[in-house]
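For the sequence shown, the working numbering begins at 49 and goes up steadily by one. For every residue, glycine included, the Cβ atom is placed at its ideal position computed from N, Cα and C. This structure is a prediction, so every number in the text was calculated from the model and none was measured. Report on the structure given below.
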Amino acid sequence: MRCCARASSDTPPPERHPPEDREEAEMRQQWFEEARFGMFVHFGLYSGAARHEWVQNYERLTAEEYRAYFDHFDPDLFDAAALARRAKATGMGYVVLTTKHHDGFCLWDSALTDYTSVTACGRDLVREYVDALRAEGLRVGLYHSLIDWHHPAFTVDANHPRRDDAIEHERNRERDMDRYRAYLHGQVRELLTQYGDIDYLFFDFTYPEAKDGWAGKGPDDWDAEALLALCRELQPQMLVNDRLGIPADFVTPEQYQPTAPIVVDGVPQVWEACQTINGSWGYHRDNHDQKSAVLLGQMLADSVSMDGNMLLNIGPDGRGSIAPRDEAVLADLGEWMRLHRDAIVGAGHASFEAPREGVYTRRGDRLYLHLFSWPLGYVHLEGLADRVTYARLLNDGSWLKTSVTDPAQEATLMTPAGESEGTLTVHLPVQRPDVLIPVIELTLAPGA
């Protein structure tokens with residue numbers, strides 16, 4: 049099961065904004081669409097369990113059984129400054145930290161509960177995190193679960209660890225979602241008033257469908273309209289995601305890649321693909337389904353090529369340290385971003401049809417071809433003849449020869465057939481550059 053559910057595939061995302069709000073929304077989104085690449089950080093009691101962030105749900109753990117992870121929560125290696133430096137070195141422009149996940153454990157000094165990191169270990173980890181990000185010039189993002197399996201007023205449903213206990217149907221009559229809503233809104237108010245400017249808030253998640261005899265939870269359960277209004281009042285410049293179940297600022301496809309820019313009723317959607325390195329969001333010691341840095345780099349370029357962002361997750365271990373396997377992937381991505389930043393940051397969708405070997409991104413008069421496969425000798429770019437004034441490999445800035453063949457040229461034993469009218473041919477070295485993804489930078493002629 050996912051960290052955070054998304055709408056079913058046959059349900060289109062809501063329209064991004066009503067027309068009268070679009071100008072204000074675009075101002076909020078400007079930095080987000082410029083950054084393109086962010087880090088998700090899932091850290092909490094489940095990190096010590098080391099068996100996925102939904103371990104309490106998966107194993108139907110009681111509150112008493114789960115309490116062991118609270119009693120032994122000791123993030124002595126959680127170094128927010130090092131985490132911020134790693135995000136920046138990886139080429140990321142923002143970071144999003146789980147302030148509270150579904151288990152209800154809070155990483156800040158909440159006045160509304162003692163189920164917090166301050167009670168457990170004497171540290172306000174949200175404060176440490178926010179200060180560290182600002183010191184590195186990164187945008188500050190917070191994740192906050194709408195769900196809370198710890199709160200006594202939160203009704204049991206099909207996602208709750210106690211869903212198999214028949215008696216919980218009877219106990220639900222005594223639980224009070226009005227009381228829980230007040231708690232939810234109160235905690236959001238704390239987060240948005242105690243830590244200065246917040247750039248981004250990721251709510252998680254809405255599931256209105258009934259399942260296995262349990263009612264779901266939808267916008268009315270969170271009083272989503274009032275909660276979004278609270279966000280707008282307290283942090284008017286802050287982006288809010290789509291998981292309250294009502295339209296907000298951006299949509300969040302999770303654990304899959306769209307195949308085209310997301311457009312609904314003719315309106316382009318601001319979107320962000322949420323991806324894990326190994327399929328788990330929280331630290332999962334025995335999950336070794338590690339994606340390679342090459343694959344993750346391709347996913348990032350693919351997202352940007354479709355006018356989207358990628359939010360790449362890490363799950364620090366039980367002591368708060370980035371796992372070595374994740375650190376290695378981030379280091380490789382960081383080295384690629386050091387050389388290829390211009391092809392990602394500030395870039396977006398290009399209207400040209402990319403060749404079969406890769407995808408395009410575009411930033412101003414520069415078109416970037418990310419080569420997912422390395423062709424022999426040439427790559428042919430339809431529609432770009434007479435539109436490119438210079439071509440080079442981005443990693444080392446080395447010039448590449450270009451040519452245009454006669455479409456009527458016939459193939460012979462040693463000569464290929466001519467390419468279609470308007471095709472530009474870029475000549476490549478036999479040796480593929482030793483980078484995760486080779487990128488060709490094409491300078492476009494005025495008006496192209």
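- Judged by DSSP secondary structure, MET75 falls within the alpha helix (DSSP H) whose first and last residues are 70-83.
- Counting every other CB atom within 10 Å of its CB across the protein chains shown gives ILE362 a total of 16 or more, marking it as buried.
- Membership of ARG99 in any beta strand (DSSP E) is not indicated, and neither H nor E is assigned to it by DSSP.
- Within the same chain, Cβ atoms closer than 6 Å to the Cβ of TYR114 are found at GLN104, the five residues on either side in sequence being excluded.
- Taking all protein chains shown into account, TRP447 has fewer than 16 neighbouring C-beta atoms within 10 Å of its C-beta and is therefore exposed.
- According to the DSSP secondary-structure assignment, THR307 is paired through a beta bridge with no residue.
- Listed in chain order, the non-local C-beta contacts of HIS120 below 8 Å within the same chain comprise GLY96, local neighbours out to five positions each way being set aside.
- Inclusion of LEU417 and ALA402 in the CB contact set at 8 Å is warranted, their separation being smaller than that value.
- Taking the Cα positions, VAL436 is about 19 Å away from GLU405.
- Nearest to TYR255 by C-alpha distance, out of LEU93, HIS208, LEU343, VAL178, is HIS208.
- With fewer than 16 other CB atoms across the displayed protein chains lying within 10 angstroms of its CB, GLN285 is exposed.
- Boundaries around SER353 are those of the alpha helix (DSSP H), 341-353, since no beta strand (DSSP E) includes it.
- In the DSSP assignment, the residues bridged to ALA321 are MET358.
- Taken through DSSP and simplified to helix, strand or coil, ILE215 comes out as helix.
- In the DSSP assignment, ALA439 falls outside any alpha helix (DSSP H) and lies within the beta strand (DSSP E) extending over 436-441.
- Taking the C-beta atoms as reference points, PHE118 is found no nearer than 8 Å to ALA183.
- By the 16-neighbour rule on beta-carbons within 10 angstroms, GLY92 is buried.
- GLY394 and GLY345 have their C-alpha atoms some 16 Å from each other.
- In the structure shown, the three-state DSSP call for LEU173 is helix.
- According to the DSSP assignment, ASP374 belongs to the alpha helix (DSSP H) that extends over 372-388.
- Counting along the chain, the unbroken alpha helix (DSSP H) around ARG115 starts and ends at 111-119.
- ILE488 is bridged by DSSP to LEU417, LEU441.
- The shortest CA-to-CA distance from SER369 to any of VAL452, VAL89, TRP79 is the one to VAL89.
- Secondary structure note for LEU429: it is in no alpha helix (DSSP H), and the uninterrupted beta strand (DSSP E) holding it is 426-429.
- Assigned with DSSP and collapsed to three states, PRO316 falls in strand.
- Beta-bridge partners of MET87 (DSSP): VAL143, LEU360.
- In the three-state scheme derived from DSSP, where H, G and I count as helix and E and B as strand, LEU278 is classed as helix.
- Relative to the Cα of VAL377, the nearest Cα in the group GLY356, ILE325, LEU387, GLU458 belongs to ILE325.
- Fewer than three beta-carbon pairs drawn from the stretch 289-305 and the stretch 216-230 are found closer than 8 Å, and the two stretches are therefore not classed as touching.
- Here GLU273 carries a helix assignment [DSSP, helix/strand/coil].
- Using a Cβ distance threshold of 8 Å, SER158 and GLN78 do not count as a contacting pair.
- Residue burial annotation: ARG480 is exposed, with fewer than 16 other C-beta atoms found within 10 angstroms of its C-beta.
- With fewer than 16 other CB atoms across the displayed protein chains lying within 10 angstroms of its CB, GLU281 is exposed.
- In the DSSP assignment, GLY234 falls within the alpha helix (DSSP H) that extends over 225-241.
- When Cβ pairs closer than 8 Å are counted between the two stretches, the stretch 317-336 is seen not to touch the stretch 441-461, the count staying below three.
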